[in-house]
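Student: Those letters in the sequence shown? Residues 764 to 1634, by the working numbering. C-beta: ideal position from N, C-alpha, C; glycine also.
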Amino acid sequence: MWTSARLRESFLAFFEEKDHLRLPSSSLIPVNDPTLLLIGAGMAPFKSYFRGEEKPPHVRITTCQKCVRADDSNVGVTARHHTFFEMLGNFSFGDYFKKESIEWAWEYLTERLNLDPNRLWVTIYPGDMVAFNHWNKDVGVPAERISELEDNFWGPIGATGPCGPCSEIYYDRGEGPWWCGRTECAPGCNCDRYLEIWNLVFTGLNKEEDGSFSDLPRPCIDTGAGLDRITFLMQGKNNPYETDAFQPAMLALKEFSGHTLDEGGRVALALKIIGDHTRAVIFLLADGISPSNEGRGYVLRRLLRRAMRFGRVLGIHGTFLEKLVPAFVAVYGEIYPELATRELHVTNVLIQEQQNFLRTLEQGEHLLQSLLQASTPLSGTDVFRLYDTYGFPHELTQEIAAERGIQIDLDGFHKALEEARERSRADLEKKLDDARGGTIAVSHEQPSEFLGYQRTGAHAHVVHLFRQGMEVDEAHEGEGASVILDRTPFYAEGGGQVGDTGIFKSGELLVEVLDTQKGPHDTIVHRVEIRRGSLKKGAELEAIVDAKRRGDIMRHHTATHLLQAALRTVVGAHITQTGSLVAPDRLRFDFSHYAPLTPEQIETVERLVNEEVLRNQAVDKREMSMSEATAAGALAFFEEKYADRVRVVTVENFSKELCGGTHCARTGDIGLFKITSESAIAAGQRRIEAVCGMVALEAVRTYENILKTVSQDLKTTPTEIPGSLSRLKESLKRTERQVEELGEKLSAQRAGDLVSESVEVGGVKLLATEVPGVTSDGLSRLGDQLRDKLQSGIVLLGTRNGEGAKLMCWVTKDLVGRGYSAGNVIKAVIPTIGGKGGGRPEFAQGGGNKPDALSQALTEAKSLISRQAEG
Ligand code: SER
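1. Pick out whichever of Ser-864, Cys-926, Gly-1074, Ser-855 has its Cα sitting closest to the Cα of Ser-977.
2. Glu-1101: buried (16+ other C-beta within 10 angstroms of its C-beta) or exposed?
3. Assign Ile-715 to one of three DSSP states: helix, strand, or coil.
4. I think Arg-1035 touches Val-838, with their Cβ atoms under 8 Å apart; what is that distance to the nearest whole Å?
5. Compare the beta carbon distance of Val-1411 and Val-1368 with 8 Å and say whether it is the shorter of the two.
6. Is any beta-carbon of chain B found at less than 8 Å from that of Thr-1251?
7. Indicate, with yes or no, if ligand 1 has a heavy atom lying under 7 Å from the CB of Thr-846.
8. Ile-1515 and Gly-1541: beta carbons closer than 8 Å?
9. What residues are listed by DSSP as bridge partners for Phe-976?
10. Give me the Cα-Cα distance between Leu-878 and Ile-1079, rounded to the nearest whole angstrom.
11. In angstroms, rounded to a whole number, what distance separates the CA positions of Arg-1603 and Glu-1503?
12. Kindly indicate the opening and closing residues of the beta strand (DSSP E) around Val-1382.
13. Consider the C-beta atom of Ala-1306 and the heavy atoms of ligand 1; say whether any pair is separated by less than 7 Å.
14. Just to confirm, is the Cβ distance from Ala-804 to Gly-987 under 8 Å?
15. Go through the stretch 914-1002 residue by residue and report every complete run of the beta strand (DSSP E) that reaches 3 residues or more, in order.
16. Using only the alpha-carbon positions, how far apart do Gln-1115 and Trp-867 sit?
17. I'd like to confirm the pairing. Which residues does DSSP put opposite Asp-1353 in its beta bridges?
18. If the criterion is Cβ atoms closer than 8 Å, does the pair Ser-1543 and Leu-1530 meet it?
19. From the DSSP secondary-structure annotation, give me the bridge partner or partners of Met-1704.
20. Considering only the beta carbon of each residue, do His-1426 and Thr-1321 sit closer than 8 Å?
21. Say yes only if the C-beta of Val-964 is nearer than 7 Å to one or more non-hydrogen atoms of ligand 1, and no if none qualify.
22. Can you grab the Cα-Cα spacing for the pair Glu-1300 / Cys-1422, in whole Å?
23. Is the number of C-beta pairs between the stretch 764-779 and the stretch 805-813 that are closer than 8 Å three or more?
24. Does DSSP classify Gln-1548 as helix, strand or coil?
25. Considering only residues of the same chain and omitting the five flanking positions on each side of Ala-1428, which have a CB-CB separation below 8 Å?
26. Going by beta-carbon coordinates alone, are Cys-830 and Leu-851 separated by less than 8 Å?
27. Where does Lys-1613 fall in DSSP's three states?
28. Checking 8 Å against the spacing of the C-beta atoms, do Thr-1480 and Ser-1489 come in under that value?
29. The beta strand (DSSP E) spanning Glu-1305 covers which residue range?
30. Mapping the DSSP letters down to three states, classify Met-1013 as helix, strand or coil.
31. Taking 7 Å as the cut-off, is the beta-carbon of Thr-798 closer than that to any non-hydrogen atom of ligand 1?
32. Shortest alpha-carbon distance to Ala-1223 belongs to which of Asp-1249, Pro-1210, Asp-1236?
33. Between the C-alpha atoms of Leu-1617 and Thr-1498, what's the straight-line distance to the nearest angstrom?
34. Taking 8 Å as the threshold (C-beta atoms), are Gln-1260 and Val-1345 in contact?
35. If you reduce the DSSP assignment to three classes, tell me which class Phe-1253 lands in.
36. Determine the DSSP secondary structure at Lys-1194, reduced to helix, strand or coil.
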């Protein structure tokens, strides 16, 4: 059978035979491309190769690329659309062009897959006679099966980038149930009869920011064939969900919901949507994306929630998506190892996120129910609020409202949504603008030679000099500038490691290097300030890195590698780096893991790293090919783009990572390694911060000083602090008990004194007075005692505390029986002291912010009670 795995392999092997370099799929997270949220086409990771900004490892490349397109509206509805899919592709970077790409596509389809040539149709861009002739004359497709399609122009993805006219290959599936039935149905029709299986793009143009098109340095080829489509076609199925790629997931869904695709209708739609979205969510999670309310994380969250919502159609209300993980790992785990190694993490985050959603759904449902009480149509803003704050999909709101016969304002909702999108688009544009402001144009391709692995000082020449983004010949004392040298020992920020600082000097000239960054075309840009003299283009100077700072950075970098290795040993091989910072005074390592580390785990990690330091191992750095590095098991960081030749940093038997950073000679150079914190940065994302060398010593000293200060205060030694503290706590408890006892005594005494102040009105004993200097507790204790002493009567006590006043009232049971109520008294007089209050007939209290009116309130209460007693 043509399994999806066999098809993938046959495609890549075919193009390898045609001298293409096979590269693994890039991560779904674009590298160095702020214009893209997610990789959505096979060509997306190669934009800079098309534009000639970077040199590809080979002029012919073939890949099977993981892609995500966030539009979910057609998923399950057609047999063609997915949110996550794999795109098979062959690429030429200025090498072959239309003829070869057409001939090879034809050869693969008709000779390797043995597809019936009579069922293959072709579309071309209107007027592209070159493509027409290759199809018609070289390959032999009859003219009546070649048509022109206006929208056969592909790209760019995002606002700018490589694009060009294209030519599509369609397979006619015949007149089955998938056919729209129209006689004019033809390639390009929206039904599933003519299935587009391959798109050949003749990428010759680049769309610029102003909307114009410019020629690429050399014409290129970018082709894309959807693996899911070819698979269901080759397996003779109706849609991808019936193929080996989805069958395990469909079986799992059947097992716990009882439903199958055969039922058709809404059930089949739900199964397909759940299958598609869950696959996408699993791949996104495996690439280190976490659910969130923006960007990639939001795509993930939205798909997950939509899948859960369709669970309701199958009668599932709890968490269930995690049950599909083993099904997809079984299908994809081998070709995409990140799925297999991160299965546990993916499962855990899936469960957590579903539980969160169920909770927000519950909260949203309360709000929705109360909005529905009004029985008027729900406004667009309300629907948007439910969606934005509670993650309540508008379809769900609509469904629930419809059950009550209530309409929702969908237009208003879409308007609110559009406004929100507009805001985030404006944000992105601003970020892009900022980035552009900082870039500089280098007119020719002379990469800077980096000498910093071997030394920290070198003689060099100024090749480019920029002020405020403009190239200049000279920069003067007091001015800032950006400088590119022909060779430099300065490390440009990258791989989490901060850029070097230092000086340039030559005779009188003294320049301070404040930061070093990567520039275009592999150049290294120094951000400088001229301290003395003038810096001229072409000048020779001595470039000297601040070696002490660099040494501290190297310590922290090597320690970061040891930390990652120790984490993998202690916590599990599923942890994946999601970010890092390597600075002279600290390191930060972000990684995905679903739970906080236990104190024991943190201690063990710290100990393992320090043991490696003490073993004083050599830190080996060497260049090799990417495939050698992968074979040796080197860890790669997915955010990084690696060239064909990579640098591998190894500490024997402990750590092996791809890394371009600067490292210690031996692990012993790190000195002490101390973890300073472990925390959460997002769902499923943890962060460890640590320090090394003298900084670690400083950190320990700081703790020590704190202990010293505390022990001096406690008049004891640091080791005896715990004992001393627990004694102190004991004694504090004793004192508190004494204070309480004294309070009781004092209040009993006061009660004795006060009881004589009671008066009798109409046969009711009444005691109403202000008690200075008591707390609320004291007042309530005093009142209880007075009530008991009076046996029958009413007690009304007030006190001031700071800006406010407090009133409490007690009525003995017998008087409650006669219609007196503490609650009524308080309710009546509390406004006088500017507050609100009330309570039960036996006891009530209240407070206000007008303490000066307290005696007036007491008088009012007295007369209220007298009136009741006498009336
Ligand atoms: N870039 C084209 C597409 O996505 C061909 O790979 O269809």
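Tutor: In short:
1. Position 214 of the sequence shown, counting from 1, holds the residue named residue 977. For the residues Ser-864, Cys-926, Gly-1074, Ser-855, the minimum Cα distance to Ser-977 belongs to Cys-926.
2. Along the sequence shown, read from residue 1 onward, the residue named residue 1101 stands at position 338. Buried, since its Cβ has 16 or more Cβ neighbours within 10 Å.
3. Summary: the structure shown does not reach residue 715, with the chain confined to residues 764 through 1634, and so no result is reported for it.
4. By one-based count along the sequence shown, residue 1035 stands at place 272. By one-based count along the sequence shown, residue 838 stands at place 75. One detail in the question is off: residue 1035 reads as Lys in this sequence, not Arg. Contact flag correct, Cβ pair sits at about 7 Å.
5. In the sequence shown, the residue the question calls residue 1411 occupies position 648. In the sequence shown, the residue the question calls residue 1368 occupies position 605. Not in contact: Val-1411 and Val-1368 (Cβ atoms no closer than 8 Å).
6. Absence of chain B from the displayed structure is noted, only one protein chain being present.
7. For the purposes of this step, residue 846 is taken as residue 83 along the sequence shown, with counting starting at 1. For ligand 1, not one heavy atom lies less than 7 Å from the Cβ of Thr-846.
8. Here residue 1515 is taken as the residue at index 752 of the sequence shown, counted from 1. Here residue 1541 is taken as the residue at index 778 of the sequence shown, counted from 1. The sequence given here has Gly at residue 1515, not Ile. The answer is no: Cβ separation not under 8 Å.
9. Reading the sequence shown from its first residue, position 213 is the one you call residue 976. Per DSSP, Lys-970.
10. For the purposes of this step, residue 878 is identified with residue 115 of the sequence shown, where counting begins at 1. For the purposes of this step, residue 1079 is identified with residue 316 of the sequence shown, where counting begins at 1. So the alpha carbons of these two residues sit roughly 41 Å apart.
11. Counted from its first residue, the sequence shown places residue 1603 at position 840. Counted from its first residue, the sequence shown places residue 1503 at position 740. Roughly 27 Å separates the two Cα atoms.
12. Taking the sequence shown and counting its residues from 1, one reaches residue 1382 at position 619. Here the beta strand (DSSP E) through Val-1382 covers 1382-1388.
13. Within the sequence shown, numbered from 1, the residue matching residue 1306 stands at position 543. No.
14. Along the sequence shown, read from residue 1 onward, the residue named residue 804 stands at position 41. Along the sequence shown, read from residue 1 onward, the residue named residue 987 stands at position 224. A contact, by the Cβ cut-off of 8 Å.
15. 924-935, 957-970, 976-989
16. The residue you call residue 1115 lines up with position 352 of the sequence shown. The residue you call residue 867 lines up with position 104 of the sequence shown. Each residue's alpha carbon lies about 47 Å from the other.
17. Taking the sequence shown and counting its residues from 1, one reaches residue 1353 at position 590. Looking at the DSSP assignment, Asp-1353 forms a beta bridge with Gly-1342, Arg-1450.
18. Here residue 1543 refers to the residue found at position 780 when the sequence shown is read from its first residue. Here residue 1530 refers to the residue found at position 767 when the sequence shown is read from its first residue. No, Cβ-Cβ distance for Ser-1543 and Leu-1530 is not below 8 Å.
19. Nothing can be reported for residue 1704, as the shown portion of the chain is limited to 764 through 1634.
20. What you label residue 1426 is simply residue 663 of the sequence shown in a count that begins at 1. What you label residue 1321 is simply residue 558 of the sequence shown in a count that begins at 1. Against a cut-off of 8 Å, the Cβ pair of Thr-1321 and His-1426 comes out as a contact.
21. Position 201 of the sequence shown, counting from 1, holds the residue named residue 964. Checking the Cβ of Val-964 against ligand 1 gives yes.
22. The sequence position of residue 1300 within the sequence shown is 537, counting from 1. The sequence position of residue 1422 within the sequence shown is 659, counting from 1. The question names Glu, but residue 1300 is Lys in the sequence shown. So the two alpha carbons sit approximately 33 Å from each other.
23. no
24. Numbered from its first residue, the sequence shown carries residue 1548 at position 785. In the structure shown, Gln-1548 sits in a helix (DSSP, three-state: H, G or I).
25. Stepping through the sequence shown from its first residue, residue 1428 is reached at position 665. Ala-1381, Val-1382.
26. As a first step, residue 830 must be located in the sequence shown, where it is residue number 67. As a first step, residue 851 must be located in the sequence shown, where it is residue number 88. The answer is no: Cβ separation not under 8 Å.
27. To locate residue 1613, count along the sequence shown from 1; it is residue 850. In this structure, Lys-1613 counts as coil in the three-state DSSP scheme.
28. The residue given as residue 1480 occupies position 717 in the sequence shown. The residue given as residue 1489 occupies position 726 in the sequence shown. The answer is no: Cβ separation not under 8 Å.
29. On the sequence shown, position 542 is the one that residue 1305 refers to. First-last of the beta strand (DSSP E) with Glu-1305: 1303-1308.
30. Locating residue 1013 in the sequence shown gives position 250, counting from the first residue. Note: Met-1013 maps to helix in three-state DSSP.
31. As a working note, residue 798 is residue 35 in the sequence shown. No, the beta carbon of Thr-798 sits no closer than 7 Å to any heavy atom of ligand 1.
32. Here the question's residue 1223 lines up with position 460 in the sequence shown. Measuring from the Cα of Ala-1223, the nearest candidate turns out to be Asp-1249.
33. Indexing the sequence shown from 1 puts residue 1617 at position 854. Indexing the sequence shown from 1 puts residue 1498 at position 735. So the alpha carbons of these two residues sit roughly 33 Å apart.
34. Looking up residue 1345 in the sequence shown gives position 582. Looking up residue 1260 in the sequence shown gives position 497. Yes, Cβ-Cβ distance for Val-1345 and Gln-1260 is below 8 Å.
35. Within the sequence shown, residue 1253 is the residue found at index 490, counting from 1. Note: Phe-1253 maps to coil in three-state DSSP.
36. Working through the sequence shown from its first residue, we reach residue 1194 at position 431. Note that Lys-1194 scores a pLDDT of 41, beneath 50, so its modelled location is shaky and nothing firm can be said.
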